[in-house]
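Asker: Just dropping this structure here.
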Amino acid sequence: MAIEITASKPAAAPQATAATAARPRSVYVYEAPVRIWHWVNMLAILVLCVTGYFIGKPLPTQPGEASANYLMGTLRFVHFTAAYVFAIGLLGRIYWALVGNAFSRELFYLPVFTRSFWQEVVAMLKWYALISREGHTGAGHNPLARIAMFGMFLFGSLFMVFTGFALYGEGEQAGSWADRLFGWVVPLFGQPQDVHTWHRLGMWYLVAFIVFHIYASIREDIMGRETVISTMVNGYRSPKE
Amino acid sequence: METFYEVMRRQGITRRSFLKYCALTTTSLGLGPAFMPRIAHAMETKPRTPVLWLHGLECTCCSESFIRSAHPLVKDVVLSMISLDYDDTLMAAAGHQAEAILEEVMAKYKGNYILAVEGNPPLNQDGMSCIIGGRPFVEQLKRVSKDAKAIISWGSCASWGCVQAARPNPTQATPVHKVITDKPIIKVPGCPPIAEVMTGVITYMLTFDRIPELDRQGRPKMFYSQRIHDKCYRRPHFDAGQFVESFDDEGARRGYCLYKVGCKGPTTYNACSTVRWNGGTSFPIQAGHGCIGCSEEGFWDKGSFYDRLTDVHGFGIEANADQIGGAMAGVVGAAAAAHAAASVLKRVADKRAADQNQTVA
Ligand code: HEM
Ligand code: SF4
Ligand code: SF4
């Protein structure tokens, strides 16, 4: 059978009738907190990328008295605000992985020791190499998406939080909570300038992920056999007729 | 054993000058007036701690800075305390005589002297790139540090490696803390460090007989806990977004922030923006040039001093974050576009094949 549904909690999905049980049905994949987090997080990252880009490469000089302007100050303030949203959101998401359904945990680990995972990886590679005509089915992420989520998104995000708060601790100065908690990151990279460089590289790493993520979602939504984009809006993974 | 005070008097320093010196030291260390008598008392009663000053691979800019300490009094006093012992650049004795003094102090004050190191040992070619008294410097360093109470790493050379350790570092010049790992090491980075910072650190150690509080990287907190940027007088222009775009523009004449022409103030821990240089006269940013980050690790290897975004090295790449990251994101984007096109073509082809099959059937 093509469909293996592994939701741990009874899915509140509109149940297919017994007669059509063999046919694919909708599964409740993304619970509300996950969906809200996804979109809030998207906004935070967007704001972080734009403000961060201009912190490193500032806009043209503002004319007038210094006290009449606060452009860099504002950019930095917005960056730090979005950074808190981003970091606290990530913490909340980790909490939800503990209490949410099985799908909510997929972001945080890769079942690299199971055979089926690797079989699916091969199947997905064939699908993306345009060899196979059948896309992934199954309610959660396909294995390639999981690798990207784990290796690019999760790793990239944690990297940004650690390097970001290390830089933040420098502004807040020695002894601040950010310095105490994340100050050790700076010598790890060498010196503050290196942390800036890597923080900026990290942004591009996430941008690369985002390009890939958006492309894959849209493609899967169009060419695959199940819904993708609407799933992150209403929570249901549904078969496409 | 002689006390500090006795040594100073012997050097011809009056009691009045001595008390002035104590007051100056108290202020420069940022201590309250109540500490002044305590410093005086300590100097009067404590036996003098000898300082041995070794020179490895270096340019002597630390010594040059040191002897230009703002207040002549400080210079005279501190120098008289130090040159008494061993400093192969400043001392009168030379050759075997000098080496004999070194041995004598080491034996007499075993475990009780302070070792100040200017420069660093090169390790390649069996240390032959720096020879002191006929032997590789690394041997002298190890020998003298064995019975030292503490080690001061003067300047960026001893602290981080500096120019002789810059890529590709042919002599493998290595900072002191990577060679000596069993002694407390106080890093006083800078190329050179500010004179007042140097005298401040050494006076603190001699008078209080303990090492100053150090930060995570081993630098005295009293001089290295803030970045140039944190106390820069051009900071209002930074916050306002008013930058020098090139050195001959209107912004430069108006004294705007030097961030866009590569100022490393935001990533450099040093006391320049508070203590300044040459007796508090000025510092680079005040003179219209950005900070080059001379007190930070590997500042020679971060690309141009005039670029805000500095280079990444490794894997044969030498480019800044935007060049590398932009290329990476661009490749992913192009790959996605190409894959999209291929997917569409494949689908059209599949459909055509299916249609044909149907008509055949
Ligand atoms: C998606 C996540 C993030 C992105 C894309 C991002 C992007 C950037 C970029 C591009 C810069 C400029 C780097 C430079 O050229 O020097 C920057 C600076 C900075 N970021 Fe982030 N950042 C993110 C998350 C964070 C977080 C979580 C924090 C934590 C508070 C943070 C704090 C900072 C700080 C303190 C700076 C330096 C500001 C300054 O130099 O004045 N960032 N960020
Ligand atoms: S000139 Fe340099 S240290 Fe001063 S505010 Fe601008 S970036 Fe910071
Ligand atoms: S301003 Fe910067 S480069 Fe200049 S001496 Fe101070 S730390 Fe070194």
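Chains as they are written, first to last, in our numbering: chain A, 1 to 241; chain B, 1 to 361.
Every residue gets a Cβ at the ideal spot worked out from N, C-alpha and C, and that includes glycine.
Taking 9 Å as the threshold (beta carbon to beta carbon), is B:Gly298 in contact with chain A?
Answerer: Judged by the 9 Å Cβ criterion, B:Gly298 is in contact with chain A.
Asker: By the 10 Å Cβ neighbour count, where 16 or more other Cβ atoms means buried, how is B:Asn278 classified, buried or exposed?
Answerer: Looking at its Cβ environment, which holds fewer than 16 other Cβ atoms inside 10 Å, B:Asn278 is exposed.
Asker: Return the CA-CA distance between A:Leu201 and A:Gly156, expressed in angstroms with no decimal places.
Answerer: Whole-angstrom Cα-Cα distance: 10 Å.
Asker: For A:Ala87, I'd like the list of residues in its chain whose CB is within less than 6 Å of its CB, leaving aside the five on either flank, ordered along the chain.
Answerer: For A:Ala87, where only same-chain residues beyond five positions count, the Cβ hits under 6 Å are Val161.
Asker: Using CA coordinates, which residue listed in B:Glu99, B:Leu57 and B:Pro284 is at the minimum distance from B:Val138?
Answerer: Checked all of B:Glu99, B:Leu57 and B:Pro284; the closest Cα to B:Val138 is B:Leu57.
Asker: Buried or exposed: B:His96, going by 16 or more other Cβ atoms within 10 Å of its Cβ?
Answerer: With fewer than 16 Cβ atoms within 10 Å of its Cβ, B:His96 is classed as exposed.
Asker: Check each candidate in B:Lys183, B:Asp230, B:Glu104 and B:Gln172 and name the one with the smallest Cα separation from B:Cys291.
Answerer: Comparing Cα-Cα distances from B:Cys291 to each of B:Lys183, B:Asp230, B:Glu104 and B:Gln172, the minimum goes to B:Asp230.
Asker: Using the rule of at least 16 other Cβ atoms within 10 Å of the residue's Cβ for burial, across every protein chain shown, is B:Glu2 buried or exposed?
Answerer: By the neighbour-count rule (16 or more Cβ atoms within 10 Å), B:Glu2 is not buried but exposed.
Asker: For B:Ile228, which of B:Glu196, B:Arg276, B:Ile185 and B:Gly251 has the nearest alpha-carbon?
Answerer: Among B:Glu196, B:Arg276, B:Ile185 and B:Gly251, the Cα nearest to that of B:Ile228 is on B:Arg276.
Asker: In the stretch 251 to 270 of chain B, which residues sit with their C-beta less than 9 Å from some C-beta in chain A, listed in chain order?
Answerer: The residues in question are Gly251, Tyr256, Cys257, Tyr259, Lys260, Lys264, Pro266, Thr267, Thr268 and Tyr269.
Asker: Residues of chain B with a CB under 9 Å from the CB of A:Ala87: which are they?
Answerer: Per Cβ cutoff of 9 Å: no residues; A:Ala87 is ~21 Å from chain B at best.
Asker: Shorter than 8 Å, the distance from the beta carbon of A:Tyr168 to the closest heavy atom of ligand 1, or not?
Answerer: Yes, Cβ of A:Tyr168 sits closer than 8 Å to a heavy atom of ligand 1.
Asker: In whole angstroms, give me the CA-to-CA distance for B:Thr274 and A:Arg146.
Answerer: Taking the straight line from one Cα to the other gives about 51 Å.
Asker: Going by DSSP, which residues form a beta bridge with A:Pro33?
Answerer: Its beta-bridge partners do not exist; DSSP assigns none.
Asker: State the Cα-Cα distance for the pair A:Phe182 and A:Thr163, rounded to the nearest angstrom.
Answerer: So the alpha carbons of these two residues sit roughly 8 Å apart.
Asker: Counting only Cβ pairs nearer than 9 Å, list the residues of chain D close to A:Thr197.
Answerer: This model lacks chain D altogether, as its protein chains are A and B.
Asker: Would you report the Cα separation of B:Leu370 and B:Pro184, rounded to the nearest angstrom?
Answerer: The question about residue 370 of chain B has no answer, for chain B in this structure spans 1 to 361.
Asker: Decide if B:Ala64 is buried, meaning its Cβ has at least 16 other Cβ atoms within 10 Å, or exposed.
Answerer: According to the sequence shown, residue 64 of chain B is Glu rather than Ala. Answer is exposed; the Cβ neighbour count stays below 16.
Asker: Nearest chain B C-beta to A:Tyr236 closer than 9 Å, yes or no?
Answerer: No, its Cβ sits nowhere closer than 9 Å to a Cβ of chain B.
Asker: Between A:Glu170 and chain B, is any beta-carbon pair separated by less than 9 Å?
Answerer: Yes, A:Glu170 counts as interfacial toward chain B.
Asker: For B:Gly155, which of B:Thr26, B:Ala42 and B:Glu118 has the nearest alpha-carbon?
Answerer: Closest by alpha carbon: B:Glu118.
Asker: Whose beta carbon lies closer than 6 Å to any heavy atom of ligand 4, going through the chain in order?
Answerer: Within the structure as shown, ligand 4 is missing, the only ligands being ligand 1, ligand 2 and ligand 3.
Asker: Sort B:Ala165, B:Ile180 and B:Tyr224 by Cα distance to B:Lys149 and report the nearest one.
Answerer: It is B:Ile180 whose Cα lies nearest to the Cα of B:Lys149.
Asker: Ignore the nearest five residues each way along the sequence and tell me which others in B:Arg352's own chain have a CB closer than 8 Å to its CB.
Answerer: So the list is empty, once near-sequence residues are dropped.
Asker: In chain order, what residues of the same chain lie with their CB nearer than 7 Å to the CB of B:Glu99, ignoring the 5 residues before and after it?
Answerer: Excluding sequence neighbours, B:Glu99 sits near Gly133.
Asker: Considering only their Cβ atoms, is the gap separating B:Ser153 from B:Gly218 smaller than 9 Å?
Answerer: Against a cut-off of 9 Å, the Cβ pair of B:Ser153 and B:Gly218 comes out as a contact.
Asker: Comparing the CB of B:Lys302 with every heavy atom of ligand 1, is any distance shorter than 8 Å?
Answerer: No, ligand 1 has no heavy atom inside 8 Å of this Cβ.
Asker: Does the beta-carbon of A:Tyr242, which I'm using as the reference point, lie nearer than 8 Å to any heavy atom of ligand 1?
Answerer: This structure leaves residue 242 of chain A out entirely; chain A is present only between 1 and 241.
Asker: Compute the distance between the beta-carbons of B:Lys187 and B:Ser159, then report whether it is under 9 Å.
Answerer: Yes, the pair counts as a contact, with Cβ atoms nearer than the cut-off.
Asker: To the nearest whole angstrom, what separates the beta carbons of A:Ile45 and A:Leu167, a pair I think is in contact under 8 Å?
Answerer: The Cβ separation is near 17 Å, so there is no contact.
Asker: Cβ-heavy atom distance between A:Val40 and ligand 1 below 8 Å?
Answerer: No, the beta carbon of A:Val40 sits no closer than 8 Å to any heavy atom of ligand 1.
Asker: Report buried or exposed for A:Ala102, applying the criterion of at least 16 other Cβ atoms within 10 angstroms of its Cβ.
Answerer: Classification for A:Ala102: exposed.
Asker: Taking the straight line between their C-alpha atoms, what separation do you get for B:Gly12 and B:Pro33?
Answerer: Going by the C-alpha atoms only, they are around 26 Å apart.
Asker: When the Cα atoms are used, what is the spatial distance from B:Asp307 to B:Lys260?
Answerer: Taking the straight line joining both Cα atoms gives about 7 Å.
Asker: So does the stretch 238 to 248 of chain B actually touch the stretch 60 to 76 of chain A, counting three or more Cβ pairs closer than 8 Å?
Answerer: Touching, per the Cβ criterion.
Asker: At a CB-CB cut-off below 8 Å, which residues of chain A make contact with B:Pro189?
Answerer: Correct list: empty, because the minimum Cβ distance to chain A is about 10 Å.
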